[in-house]
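**Q** Those letters in the sequence shown? Residues 1 to 454, by our numbering.
Here you go, one structure.
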Amino acid sequence: MEYLSVTDAQKCILESVNTLDAETARLEQSLGRVLAEEVCANRDQPPYDISAMDGYALRSADLASVPATLEIIEDIKAGDMPSKTLAAGQCARIMTGAPMPQGADAVIRVEDTQAVSAEALSPNSDETTSHSTKPASGQVAGYLPQAGERDLVSLRENLFGRVQINQTVKPGNDIRRFGESMFNGEVVLTHGTEITPGVIGVLATVKRAQVQVHRRPSVAILSTGNELEGLDEPFDPNKIPDANSYALMAQTRALGIEPVLLGIARDDPDELASYLKRGLEYDVLLVSGGTSVGVHDYVRPTIEALGAQMLFWRVAMKPGHPVAFGKVGEKIIFGLPGNPVSSMVCFEEFVAPALRRMMGHARIYRRTIEARLTHDVKHQAGRTEFIRVMLAKEQDGYAATSTGAQGSGMLLSMAKADGLAVLPANSAGLVAGSTVTVQLLDGTVFQDDAGFRE
Ligand code: AMP
Ligand code: MG
1 MEYLSVTDAQ KCILESVNTL DAETARLEQS LGRVLAEEVC ANRDQPPYDI
51 SAMDGYALRS ADLASVPATL EIIEDIKAGD MPSKTLAAGQ CARIMTGAPM
101 PQGADAVIRV EDTQAVSAEA LSPNSDETTS HSTKPASGQV AGYLPQAGER
151 DLVSLRENLF GRVQINQTVK PGNDIRRFGE SMFNGEVVLT HGTEITPGVI
201 GVLATVKRAQ VQVHRRPSVA ILSTGNELEG LDEPFDPNKI PDANSYALMA
251 QTRALGIEPV LLGIARDDPD ELASYLKRGL EYDVLLVSGG TSVGVHDYVR
301 PTIEALGAQM LFWRVAMKPG HPVAFGKVGE KIIFGLPGNP VSSMVCFEEF
351 VAPALRRMMG HARIYRRTIE ARLTHDVKHQ AGRTEFIRVM LAKEQDGYAA
401 TSTGAQGSGM LLSMAKADGL AVLPANSAGL VAGSTVTVQL LDGTVFQDDA
451 GFRE
């Protein structure tokens with residue numbers, strides 16, 4: 001069989017996997033899942049015109065000449081219903097989220113007003129509209145509180161007094177309109193929406209305590225190799241610690257799936273077969289090691305003997321070329337390379353997109369950015385190469401620097417990496433200063449396409 005390109009291998013995988021069916025999830029448990037239904041608003045939001053600020057609801061026409069002093073006739077808190085209609089020269093104190101009173105057409109925020117204490121008004125004056133009470137500079141007319149202090153006074157003491165307004169406002173100022181967020185019956189979230197914290201907020205707003213989401217695949221992870229030492233086994237200097245089970249588990253978890261570790265199978269066809277059979281009870285089986293062409297690499301023939309249809313087992317990439325992919329009915333199997341970096345890179349390129357597609361995500365590939373290489377990179381043409389890099393923010397973009405020795409067994413190169421710089425198969429290497437595409441390894445943000453050239 002020919003070596004497939006990374007892109008063709010990804011295509012082959014995606015043609016073989018389907019989005020899983022729907023199940024019910026509690027809203028609190030649905031973060032990171034994908035909606036398997038359309039969600040409509042069950043109310044008008046806001047249910048009436050409300051104030052967007054703490055301030056005064058007023059008639060904008062009363063501020064034709066400012067400063068103006070208005071009479072406060074009501075105090076409307078969020079949750080109250082206004083009981084009065086504003087006449088000329090009147091306003092209502094209003095809090096953010098409280099309904100607008102009849103007659104008002106604008107809100108002015110409290111910061112743009114000035115409390116007027118009782119003493120500030122002449123005892124004989126019953127004038128309330130468009131009347132300047134601004135004192136001459138330096139002159140103390142009654143008590144004119146300063147910024148900060150002013151808000152407190154206006155909130156606590158001047159409950160039904162008067163307020164001086166120094167600024168005009170346009171009709172509609174600082175009003176949140178009836179239904180501006182959503183109208184009853186309106187589709188607010190479509191099928192396929194990824195459930196982010198913002199989406200959770202919308203779902204809570206429309207009172208969806210339970211939602212329909214796509215099922216997550218069940219994933220089993222199996223390591224293979226006589227030389228492997230389990231995490232809880234006694235230390236043996238002649239053995240190789242099983243890193244893959246745990247690194248792959250973490251990569252799977254990072255996608256929101258809790259995998260099952262099957263353990264370590266020895267390089268023995270019968271033992272391998274019994275582990276693989278158990279693994280095929282899951283939607284997805286990840287087997288690492290034993291997929292190469294060594295005489296003791298039994299994974300491929302054993303999987304095939306169990307009825308798997310192998311769709312590919314070699315990809316033109318570095319690291320990671322001995323990667324296999326097969327199907328048994330609706331179940332899929334990845335034979336990942338034993339080298340820990342290779343198996344992790346293959347997970348990113350092949351397993352993650354497959355798992356995300358099964359979960360119903362439209363965005364299945366790691367997000368890519370363009371970065372400036374800080375050093376030359378050698379490359380042997382013919383294979384797409386994934387170089388582990390650290391990223392640093394620069395004035396106009398990012399700089400990418402290799403994490404060091406890039407051997408496919410050197411996990412520290414992966415541990416330090418922010419991303420994978422992708423060198424196209426046909427490139428003859430890159431010089432310092434060239435632009436390179438980098439797949440970001442962290443985070444929950446994905447994109448529609450792989451985003452790199454091969
Ligand atoms: P293989 O693909 O089985 O030929 O293994 C390639 C290399 O990866 C060998 O050096 C193995 O010892 C090593 N290796 C295989 N599986 C693991 C694992 N689970 N953890 C760490 N290293 C492994
Ligand atoms: Mg092996």
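Positions of the beta carbon are idealized from the N, C-alpha and C atoms, including for glycine.
Quick caveat, the model's predicted, so the values are computed rather than measured.
What residue ranges within the region 411-446 form continuous alpha helix (DSSP H) runs of no fewer than 4 residues, ordered along the chain?
**A** 411-415
**Q** In whole angstroms, what is the alpha-carbon distance linking E304 and G294?
**A** 17 angstroms
**Q** Note down the Cα distance separating P135 from I369, rounded to an integer number of angstroms.
**A** Per-residue confidence for P135 stands at a pLDDT of 41, beneath the threshold of 50, marking its modelled position as unreliable; the derived number appears in the next sentence. Straight-line Cα distance between these residues: approximately 60 angstroms.
**Q** Taking just the CA atoms, how far does D418 sit from D442?
**A** Each residue's Cα considered, the two are about 7 angstroms apart.
**Q** Can you list, in chain order, the residues of its chain whose CB lies under 7 angstroms from that of V188, leaving out five sequence neighbours each side?
**A** Contacts found: V39, C40, A41, M182, V202, V206.
**Q** Applying the 10 Å Cβ sphere with the 16-neighbour rule, what's the burial state of A243?
**A** buried
**Q** R367 and V445: beta carbons closer than 7 angstroms?
**A** yes
**Q** May I ask you to report which of helix, strand or coil DSSP gives S223?
**A** strand
**Q** Measuring straight from C-alpha to C-alpha, what distance separates D174 and L86?
**A** 17 angstroms
**Q** Take T168 and list the residues in its own chain whose beta-carbon comes closer than 8 angstroms to its own, dropping the five residues that flank it on each side.
**A** Around T168: S60, L63, A64, V66.
**Q** Measuring only between beta-carbons, confirm whether Q251 sits less than 7 angstroms from chain B.
**A** Within the model displayed, chain B is absent; a lone protein chain is all it includes.
**Q** Looking only at its chain, what residues have a beta carbon closer than 8 angstroms to the beta carbon of A273, apart from the 5 residues adjacent to it on each side?
**A** T302, A305, L306
**Q** Can you give me the C-alpha to C-alpha distance between Q439 and P234, rounded to a whole angstrom?
**A** 38 angstroms
**Q** Answer yes or no: the CB of G397 versus the heavy atoms of the ligand MG, is any distance below 6 angstroms?
**A** no
**Q** According to DSSP, is E288 part of a helix, a strand, or is it coil?
**A** Looking at the sequence provided, one finds Ser at residue 288 rather than Glu. Three-state result, S288: strand.
**Q** May I ask you to report which of helix, strand or coil DSSP gives A204?
**A** If DSSP states are grouped into helix, strand and coil, A204 belongs with the helices.
**Q** Under 8 angstroms, with one C-beta from each stretch per pair, do the region 382-390 and the region 311-322 reach the 3-pair mark?
**A** yes
**Q** Since Y275 is in the alpha helix (DSSP H), which residue starts that stretch and which ends it?
**A** Element bounds for Y275: 269-279.
**Q** Of all the beta strand (DSSP E) runs that stay within the bounds of the region 5-61, which reach a length of 3 or more residues?
**A** 22-26, 55-58
**Q** Between S132 and the rest of its own chain, which residues show a CB-CB distance below 6 angstroms, the 5 nearest in sequence each way excluded?
**A** Low per-residue confidence applies at S132: pLDDT is 42, beneath 50, and the placement is therefore not dependable enough to give any value.
**Q** If you run the structure through DSSP and keep just helix, strand and coil, what is G320?
**A** coil
**Q** Per DSSP, which one or two residues make a beta bridge with K77?
**A** Its beta-bridge partners do not exist; DSSP assigns none.
**Q** Measure the C-alpha to C-alpha separation of D270 and K327 and round it to an integer number of angstroms.
**A** 20 angstroms
**Q** For the ligand MG, list every residue whose C-beta falls under 5 angstroms from any of its heavy atoms, going in chain order.
**A** G225, G289, G290, G338
**Q** Under 7 angstroms, do V17 and A399 count as touching if we go by C-beta distance?
**A** Going by C-beta atoms, V17 is not nearer than 7 angstroms to A399.
**Q** Helix or strand or just coil, what does DSSP make of L248?
**A** helix
**Q** Using the three-state DSSP reduction, which class does S402 fall into: helix, strand or coil?
**A** Here S402 sits in strand by DSSP.
**Q** Can you check which of these residues, P237, E229, H379, T252, is closest to A220 by C-alpha distance?
**A** T252
**Q** Whole angstroms is fine: what's the gap from I13's alpha carbon to S427's?
**A** 25 angstroms
**Q** Is the closest heavy atom of the ligand AMP to the C-beta of D242 under 6 angstroms?
**A** yes
**Q** Taking buried to mean at least 16 other C-beta atoms within 10 Å of its own C-beta, is S83 buried or exposed?
**A** exposed
**Q** Is any non-hydrogen atom of the ligand AMP found closer than 6 angstroms to the C-beta of P456, if you look at the structure I gave you?
**A** Given that the chain is displayed from residue 1 to residue 454, the structure contains no residue 456 and the question cannot be resolved.
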